[in-house]
Amino acid sequence: MHNVMGNKKSIAVFVLPAFIIYAVFALVPIAYNVYVSFLQTDLMSPSKFVGFKNYINLFRDKTFTGALKNNILMVIGSLIAHLPLALFFGNILFQKIKGSHFFQTVFFLPSVICGVAVGLTWTFVYNSQFGLVNKFFEIIGMGGLQKTWLADKDLALFCIIVVVMWQFVGYHMVIQIAAMKNIPSSYYEAAEIDGASKWVQFKSITFPLIKPILKVDAVLIITGSLKYYDLVAVMTGGGPNHATELMSTYMFYQGFRTLKYGYSAAIGVILLVLCMCSVGLSNLVFRTETIEF
Amino acid sequence: MKRKIIAIMLSAAIGLSLLTGCGDGSENTGADSNSSAADSAAESTDADKSDAGGGEVLNVICVGTEADTHVAGYNKIAENFSADNEYGVTIQFDFYENEQFKTKLTTLMASNAVPDIFFTWELSYLQPFVEGGKVADITSYLEEDQEWKNSFAGGTLDKLSYDGKNYGIPTQKSLCVMFYNKQIFEENGVSVPTTYDEFLQVCETLKANGVTPMAMCGTDAWIPAQFVQQIAGGMAGEDLFNAICDGSEKWNNEVHVKASEEVKKMADAGYFQDGFIGMGPEESTDLFAKGKTAMYFMGAWDSDRVQKDEIGENAGAFVLPAYDSKYANISVGSVDTSFALAETCRNKDAAIAFLKYWTSQENADMLLYDYGRIPACNYEVDGSKLTPLLNEVVKISNEQVGLTPWWDRQFGAGEGVEFNNTCVSVIGGEDAQTAFDALQQFAEDNADR
Amino acid sequence: MKLSARERFIMILKYAALLLFTVLCLYPLFWLLLSSFKTNTELYENPWGLPESFSLGNYIQAVNEGHILQYFFNSVIIAVAAVLVSVLLSSMVSYAIARMEWKLSGFMLQVFLLGMMIPVYAMIVPLFSMFNKMGLLNTHLAVIIPHIAIAFPMAIFIMNGFMGSLPREMEEAAVVDGCNIYQIFFRIIMPISKSSIVTVAVVTFINIWNDLLLPQIFLTDSAKMTLPVGLTEFQGQYATNYVVEIAAVIITIIPSIIVYIWLHRHIMEGMVAGAVKG
């Protein structure tokens, strides 16, 4: 048996193709990206090593700090929508309610649609002339609330966050339901006999037991929110006046429009660091909480 | 086993591609890049066009969309040239939408796969590509043909010269005008304003009569920004422009602040259509072209598009009267639709011949009379062949004493684009002084990014 | 089981919330579908109602002038190629890590799983420069290769979990019968792992099908663009002809929805697998 399963040559045949692709097109680029972030380069003329200057400039760049702030707002908005709201629906649908599968399927649907199509759909919904939102206000006689949604620098980001909520509530809900399904039903049967209400059951059985998954889910939400690109690229392109700029869109702009590839690479590094931090941070937060319990 | 073989072949293929990748990387500086660019370009044209007729193909990329009437004119020039030229080359045109074109050209530049001839904006747009050694120096071609060189209006070639060398050929001239609807003006008893106050009065009268005075687009920042720039030009003239270019004046000077506040005031007074801030360029053009607003401030390149729409013969044009009359007839304008040759161009002689053909009187006339494109060359214009609107536009063009290029062409993607964003932001309600202070700060920071 | 009045009231509230959200999920899409049959004038004047006629004019225009089919075809090439290669290679690695006996298997797993945290933005500029030097820019390979690499972590994560749980007896029997490792893998393991392979394939496919960034940067010829990039181009070219743009959006969405209805169990399972099993 070991002769077959431990054969070095066959292990190499199984592992190397994938590993080489992965190393060359994922690991090497990341290392290379860190290097590029120390350069001032347009990838055409000779590049110049500038040390940490790109990073220093980034944090003095109002557009970048604005983008960072927008990303954080995006994270907060997503956390609000995707934890409590998803948990609310998830808890209802978990309770063997009629049509549970149908609702899950429907709620999940938006998350499989391509971001560009979702973005365009909502651009139409928000359109100030024929969009559903303005027409809705018109019908209920509150025409005063009509706005040019995506062109208003105070509202545009909020409008996009709503779309993010819409698109991914079902996705996170299904994750949470899957976690709930792993809880042995005997717990609930016992609680039922003790006469515990549904709310008590949720509070003292479901929630504590799915907490580890919520932790993972929170990481997914945070890293996911740091990675949004399509929606903003399509709906506002980062405008008006960078009001909806995200790190990802700003990175695209700096690299592939203004040819500041070093600067752009530095944004990429910061995104990477933030993703890693969010994983570490949520580990930390959720661990201390478990100890308290 | 078949699958095993596939797996091995796959890994071999990957290994191979890696090896060739490294090889390419080390040689990519010299002549090799030339041929690889040529190969890839040839490949794509083979796929696109099998009827090239055996001759050499020159690829041209250009900005243009389905909505642009002049694209037909450009194609006509290319066809005529392809049909009969001493080099036996065929011109293959590809049109891309504005934003997509910018991404595309940047990518092509970095990857040494620039088409033989490419559309470009002047000044700082082309500059990095010139500095990167991607653009062919065409000084000698102009020197050899003085007649051609001298046919260009004074100063137009300079906009595409860097370090005293020529890198691009402008084919058109453009400037911003205020289009107006003669019928609406007549119905409301207003006439073309000659002072800035009269202009505001016209807006006020129209507004009071329930007519939307101007169509404006708020989603594309350069459109409100060119209006701000025009008003600023009328407040302080070309001197301000030059002072900012040479760094002796700052972006947050009081003229910019005041000019942007003027536009903000117009927005607040309802001189632009409702919801303009969220309206795209095509929609706002449509409003004017379909006779729903009285005026529309835009580059003269829209003349043909407008006069071929519902408004037709009712379209007219005037220069926005200067805020301060001593700076009259200073407009936002520059050269337009310029072309440059890639350093890797496969047949520079033929490419130059094509551009000469494009800028010849014959084609300049065709583009002017049929498509309303004002030529960059000083050719006699036969007013009788022009539509009334174009007659006015050409007249305005000749009357201008100074043209200041759009800021985003002068300064490119940095300060230029941020100037546009700043203007939009002021119109959107941000305090003008704060906004322009931020722009100045940006300009200082951006210098060494 | 009879419900008390209070329970019934709560039940009604729950259904009301569920139905409300169902409407929120589906109505925008339904509205879009209706709008795609309208004329531009109808869209402005009658945004709520039914179109006057269900003519396919907008669709025909989107297909003929907008090259939607061309984009569709490109999307298919890229997604299918990347899915085939990434599924084959990642199932091989997963098998080697889960079942084969070698010292570095645990470390290898960690290296691959690390990739789940990596945002693609941290590799874009170098990839651009690498593909540039390799002459791969503006070829479908430039999009396919990074997609394969990006797909590995999640795919290996899911399949490693599945393959690790298979009973050892089958392989032992196969070895006794004289099968070599490749026969074991392709004839025994692959067929039993079918469900997890389908899951991985579907999720990878959706990710690639929906991606905008990579094709936007690495492809320049409009003849090579994928659907999402094509859609953004529509935005510029048909700025006022909204109904044609809407028809194009519908054409893009429909395949996703059909695949979703067909394979939704796999899709839901696959897309949440990463979180739940972690």
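Sequences listed follow chains W, L and P, in order. Here the first sequence stands for residues 6 to 298, where the numbers follow this note's numbering. Here the second sequence stands for residues 1463 to 1911, where the numbers follow this note's numbering. Here the third sequence stands for residues 5 to 282, where the numbers follow this note's numbering. Note that beta-carbon positions come from the ideal geometry of N, C-alpha and C, so glycine has one too.
- For A1790 of chain L and V1855 of chain L, believed in contact at Cβ under 8 Å, the rounded distance: That pair is no contact at about 17 Å.
- Query: Does the beta-carbon distance from P245 of chain W to V1886 of chain L come in below 8 Å?
  - Reply: yes
- Message: So I1685 of chain L contacts chain W; which residues on that side make the cut at Cβ distance below 7 Å?
- Response: Here the premise fails: no neighbours, minimum Cβ distance about 12 Å.
- Per-residue contacts from V1886 of chain L into chain W (C-beta, under 7 Å): P245, N246
- Item | Cβ neighbour criterion (16 or more within 10 Å) applied to G1695 of chain L | buried
- Between Q206 of chain W and the rest of its own chain, which residues show a CB-CB distance below 7 Å, the 5 nearest in sequence each way excluded? Y193, A196
- T1681 of chain L by DSSP, collapsed to three states: which one? coil
- Would you say V276 of chain P faces chain W, with C-beta separation under 8 Å as the test? yes
- Should V1717 of chain L and A1698 of chain L be called a contact, given that it needs their Cβ atoms to be closer than 8 Å? yes
- Three or more beta-carbon pairs under 8 Å between the stretch 221-228 of chain P and the stretch 91-102 of chain W, yes or no? Here the stretch 221-228 of chain P makes no contact with the stretch 91-102 of chain W; the two share fewer than three CB pairs at distances below 8 Å.
- Nearest to Y99 of chain P (by Cα), restricted to the options P:M194, P:M158, P:G53: Comparing C-alpha distances from Y99 of chain P to each of P:M194, P:M158, P:G53 shows the shortest one belongs to P:M194.
- Assign N1883 of chain L to one of two classes, buried (16 or more other C-beta atoms within 10 Å of its C-beta) or exposed (fewer than that). buried
- Item | Straight-line Cα distance separating Y1536 of chain L from S1722 of chain L | Looking at the backbone, the Cα of S1722 of chain L and that of Y1536 of chain L are separated by about 37 Å.
- Item | Own chain residues within Cβ distance below 6 Å of L140 of chain P, not counting five before or after | A146
- Using the DSSP secondary-structure output, state which residues sit across from D1556 of chain L in a beta bridge. L:I1523
- Three-state secondary structure (DSSP) of V67 of chain P: helix
- Query: How about M79 of chain W and V169 of chain W: do their beta carbons lie closer than 8 Å?
  - Reply: yes
- Task: Using a Cβ cut-off of 7 Å, pull out every chain W residue sitting near A1572 of chain L, in sequence order please.
- Result: Result: L48, M49.
- Task: Could you run through the stretch 213-224 of chain P and flag, in chain order, every residue whose CB is less than 9 Å away from some CB of chain L?
- Result: Q220, I221, F222, L223, T224
- What did DSSP end up calling K321 of chain W once you bin it into helix, strand or coil? The question about residue 321 of chain W has no answer here: the residues shown for chain W are numbered 6 through 298.
- Query: Would a C-beta distance cut-off of 8 Å place L276 of chain W and M252 of chain W closer than the cut-off?
  - Reply: It is a contact, given that the beta carbons lie within the stated cut-off.
- Query: In the stretch 1592-1603 of chain L, which residues sit with their C-beta less than 9 Å from some C-beta in chain W, listed in chain order?
  - Reply: Residues passing the 9 Å Cβ filter: E1593, G1594, G1595, K1596.
- Task: Taking C-beta pairs closer than 7 Å, name the residues in chain P that Y1454 of chain L reaches, listed in chain order.
- Result: Limits of chain L in this structure are 1463 at one end and 1911 at the other, which puts residue 1454 of chain L out of reach.
- Task: Return the Cβ separation of H87 of chain W and V174 of chain W in integer angstroms, given the expectation that the two are a contact with Cβ distance under 8 Å.
- Result: 6 Å
- Task: Taking L93 of chain P as the query, report the chain W residues whose CB atoms sit under 8 Å from its CB, ordered along the chain.
- Result: P22, A23, I26
- Message: Taking 8 Å as the threshold (C-beta atoms), are I1814 of chain L and G1680 of chain L in contact?
- Response: I1814 of chain L is positioned such that its CB atom lies no closer than 8 Å to that of G1680 of chain L.
- At least three beta-carbon pairs within less than 8 Å, the stretch 130-141 of chain W to the stretch 205-224 of chain W: no
- Message: For N1883 of chain L, would you say it is in contact with chain W, using Cβ-to-Cβ distances shorter than 8 Å as the test?
- Response: Chain W contact via Cβ: present.
- Taking Cβ to Cβ, would you say Y1833 of chain L is nearer than 8 Å to T1531 of chain L? yes
- Task: Following the continuous beta strand (DSSP E) through S1800 of chain L, name the residue where it begins and the one where it ends.
- Result: 1792-1803
- Query: Can you give the Cα-Cα distance for G1431 of chain L and D1620 of chain L, rounded to whole angstroms?
  - Reply: Because chain L in this structure spans residues 1463 to 1911, residue 1431 of chain L falls outside the shown range and cannot be described.
- Task: Could you give the DSSP three-state label for Q1645 of chain L: helix, strand or coil?
- Result: helix
- If you draw a straight line from the C-alpha of V1863 of chain L to the C-alpha of A1875 of chain L, how long is it? 28 Å
- Query: Can you give the Cα-Cα distance for D159 of chain W and D1682 of chain L, rounded to whole angstroms?
  - Reply: 18 Å
- Query: For the stretch 87-153 of chain P, which segments carrying the alpha helix (DSSP H) assignment without a break, of at least 4 residues, lie completely within its bounds, in sequence order?
  - Reply: 109-118, 128-138
- Message: Suppose the cutoff is 6 Å on Cβ atoms and the five residues either side in sequence are ignored; what does the same chain contact list for I218 of chain W look like?
- Response: A184
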